[in-house]
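Peer 1: Below are the structure tokens for one structure; questions will follow.
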Amino acid sequence: MDAKPAPGCEHAVALRSVTVDFGANGRVPRSVLTGLSLDVEPGQLVALVGASGCGKTTLLNLVAGLVRPSTGEVAVFGQPPRVGRQDVGYLFARDGLLPWRTARQNVELGLEMRGQARHARRDTAASLLDRVDLSSALDLYPAELSQGMRQRVALARTLATDPALLLMDEPFAALDAQTRASVRSVFLDIWDDELDRKTVLFVTHDLAEALLVADRVVSIAGGRVRSDVPVPWSRPRDERSVVGQRDFPALYDTLHADLG
Amino acid sequence: MVSVAHEVEAVDETAVRRRGGRGRLGVWVWRLAVPPVALGIWQLAYQLRLSNRALLPSPRTVWDATASLQDSGVLWPNLASTLGAALVALALSALVGTPFGVLLGMLPRAWEVLGPYLNALNSMPRIALAPVFVVLLGVGQSSKVAVGFSVAVFIFMMNARAGVLGADDEHRRVCLTLGASKAQMFWKLYVPGALPAIFAALRLGMVYALLGVVSSEILASQSGVGQLIVSYSATLSMAYVYALLIILAAFASALTLVLGAVEASLLGWQPSRPR
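Protein chains in written order, with this note's numbering: chain V, 2 to 261; chain X, 11 to 285.
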């Protein structure tokens, strides 16, 4: 084996023996991550699965720069993480739309932060809302939209700044089953279509969803990576074809056992 | 297995902004019924001599006093002086108190240091400072404005701060991850987020600015409704005092209605709100 390159040189995301302890104020610190290492190649869609409280979200927050590692190293495209980086987008389980802005103005938010000119912003927002099938809702306020529509606006807002790395924290978990499937397929269509696919870290507690969306499923337990399974199926995928794969039950059961 | 199809999403009817309707008309009918009823009770109390007639003149006497205030040309200059001072005090309070309150909300450390002192200042009866303002600024409009400002500015400060503290964590996280600077957090998140609280402060602030101005006029001034009230009270001409109070109340409620209309147009995004 050759000498190892510096962490994160050719990786989109690189974590090296990362530990995160919570609990200041003199309480006994609680370790959420204990020496976790993970590399993600550019353009890969990696699903992170695990029981609630296993540290999936902490891992995303670490990469987003919202949480600092207690020990270890984190690199995003070779740079240490920082909140609000231009090349990183974050989509949360809750849409977080600003209620005083219309759908379009919400999508424009990140572009405004970047000081983009008004007409360019408006065009980008309109075309993205069109991508998520909401061109009819441009000027509606969040209170006038359904849950599924709101989350699609949030998706458009996150994509508007065209981040190379997309962090998604249970992005569709707050939606009912049917809406979830629909918003997910909107997302997968957009992601599949791109020439230069975004790197995605996709947190979910739903194994079937993980196997549907991901190139690779990483299960986390006890604060570290328990297993790291490549998903062999071709794209585009849909729920029906994935569940019909011969090796689906075996993969599912392996992952399920890893989490148990 | 569920096929991946686009769900039909009807816009939630209950979430759609409600505008007007038959209910509003009914409210106005009842609202307009209140003054005649109140007048009737007043007249009855007068007839039954429930109170000394010098202290409780008849509605008719008060109406005549209003007419004579108007005819003698005393009313408008003084009313303009009082309302003008109150509006200037209100505007200054909003312009100073709101940004200061938003900043205090954004900087918890600054609040930890300054909070106790600001609360102490706020609990001081500022009317007692009126003589100081008169000495400093003269007996004109400025000293009245100063008293009104000293009372109302805290309302804006406290409300704006509360509005910022009430900001949704999710919204804050979204703005941060989108790369918002401190200034962008201020203008794009905290100020619009605090707008409902700021409007509440405007309604309340108007009451307090008026209170400050009139009190200051009662203590020392050359013109204003407070000054008129002092001179009429001195001769126990209560009809005039009541006439002035009613006129003041009428103008204050008219201003509140205007504020409400502005609020409704600015905060149309809110799903529903009590009026």
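Every residue gets a Cβ at the ideal spot worked out from N, C-alpha and C, and that includes glycine.
#1: Taking Val219 of chain V and Val47 of chain V to be in contact with their CB atoms under 8 Å, please state how far apart those CB atoms are, rounded to whole angstroms.
#2: Measuring only the C-alpha atoms, how far is Tyr242 of chain X from Ala249 of chain X?
#3: Can you grab the Cα-Cα spacing for the pair Phe249 of chain V / Ala215 of chain V, in whole Å?
#4: For the segment 184-195 of chain X, list every residue whose C-beta sits within 8 Å of some C-beta in chain V, in sequence order.
#5: Which of the three DSSP states is assigned to Tyr91 of chain V in this structure?
#6: When we look at the beta-carbon of Val14 of chain V and count the other beta-carbons within 10 Å, is it buried (16 or more) or exposed?
#7: Between the alpha carbons of Ser147 of chain V and Val184 of chain X, how many angstroms are there, rounded?
#8: Note down, in chain order, every chain X residue with its Cβ under 7 Å from the Cβ of Trp234 of chain V.
#9: Distance cutoff 9 Å, beta carbons only. Does Thr59 of chain V sit that close to anything in chain X?
#10: Look up Leu37 of chain V in the DSSP assignment and say whether it is helix, strand or coil.
#11: List, in chain order, every chain C residue whose beta-carbon is nearer than 7 Å to that of Glu180 of chain X.
#12: Compute the distance between the beta-carbons of Val251 of chain X and Thr92 of chain X, then report whether it is under 9 Å.
#13: Using beta-carbon positions only, say whether Arg158 of chain V and Gly111 of chain V come within less than 9 Å of one another.
#14: Give me the Cα-Cα distance between Ala210 of chain X and Ser128 of chain V, rounded to the nearest whole angstrom.
#15: How about the segment 169-178 of chain X and the segment 203-218 of chain X: do they share at least three Cβ pairs that are nearer than 8 Å?
#16: Counting along the chain, where does the alpha helix (DSSP H) carrying Met195 of chain X start and finish?
#17: Please confirm if Tyr142 of chain V has its CB atom under 9 Å from at least one CB of chain X.
#18: Give a yes or no on whether the C-beta atoms belonging to Leu16 of chain V and Val64 of chain V are separated by under 9 Å.
#19: Just list the residues that DSSP pairs Leu49 of chain V with in beta bridges.
#20: What residue range is occupied by the uninterrupted alpha helix (DSSP H) comprising Ala264 of chain X?
#21: Closer than 7 Å by beta-carbon distance: list the chain X residues that pair up with Ala118 of chain V, in chain order.
#22: For Arg17 of chain V, write down the residues that DSSP places opposite it in a beta bridge.
#23: Can you tell me whether DSSP reads Phe110 of chain X as helix, strand or coil?
#24: What number of angstroms, rounded off, separates the C-alpha of Pro284 of chain X from the C-alpha of Ser263 of chain X?
#25: Buried or exposed: where does Val21 of chain X fall if 16 or more other Cβ atoms within 10 Å of its Cβ makes it buried?
#26: How big is the Cα-Cα spacing for Ala162 of chain X and Ala209 of chain V?
#27: Taking 9 Å as the CB-CB cut-off, is Leu208 of chain V touching chain X?
#28: Quick one: is Met114 of chain V near chain X, going by C-beta distance under 9 Å?
#29: Use the C-beta contact count for Glu23 of chain X: other C-beta atoms within 10 angstroms, 16 or more gives buried, fewer gives exposed.
#30: Taking C-beta to C-beta, are Ala75 of chain X and Lys154 of chain X nearer than 9 Å?
#31: At a CB-CB cut-off below 9 Å, which residues of chain X make contact with Thr162 of chain V?
#32: Measure the CB-CB distance between Ala222 of chain V and Ala52 of chain V and report whether it falls below 9 Å.
#33: In the structure shown, what three-state DSSP assignment does Phe173 of chain V receive?
#34: What distance in whole Å lies between the Cβ atoms of Ala126 of chain V and Glu109 of chain V, which are believed to be in contact at a cut-off of 8 Å?
#35: Given this structure, state the Cα-to-Cα distance separating Arg1 of chain V from Pro172 of chain V, to the nearest angstrom.
#36: Do Met216 of chain X and Leu265 of chain X have their CB atoms nearer than 9 Å?
Peer 2: On the basis of the data shown:
#1: 6 Å
#2: 9 Å
#3: 13 Å
#4: Val184, Cys185, Leu186, Thr187, Leu188, Gly189, Ala190, Ser191, Gln194
#5: strand
#6: buried
#7: 20 Å
#8: The premise fails here: Trp234 of chain V is roughly 16 Å from chain X at the closest Cβ pair, so nothing lies under 7 Å.
#9: no
#10: strand
#11: The structure shown has no chain C; the protein chains it does contain are V and X.
#12: no
#13: yes
#14: 38 Å
#15: yes
#16: First-last for Met195 of chain X: undefined, no H or E at that position.
#17: yes
#18: yes
#19: V:Val204, V:Val219
#20: 248-276
#21: Correct list: empty, because the minimum Cβ distance to chain X is about 16 Å.
#22: V:Glu74
#23: helix
#24: Per-residue confidence for Pro284 of chain X stands at a pLDDT of 43, beneath the threshold of 50, marking its modelled position as unreliable; no derived number is given.
#25: Low local confidence applies: a pLDDT of 42 at Val21 of chain X is under 50, so the model's placement there is unreliable, with the coordinate-based value given in what follows. Per the 10 Å Cβ criterion, exposed.
#26: 59 Å
#27: no
#28: yes
#29: With a pLDDT of only 39 at Glu23 of chain X, under the threshold of 50, the placement of this residue in the model should not be trusted, and no figure is reported.
#30: no
#31: Leu188, Gly189
#32: yes
#33: coil
#34: 5 Å
#35: In the structure as shown, chain V starts at 2 and stops at 261, and residue 1 of chain V therefore has no counterpart that could be examined.
#36: yes
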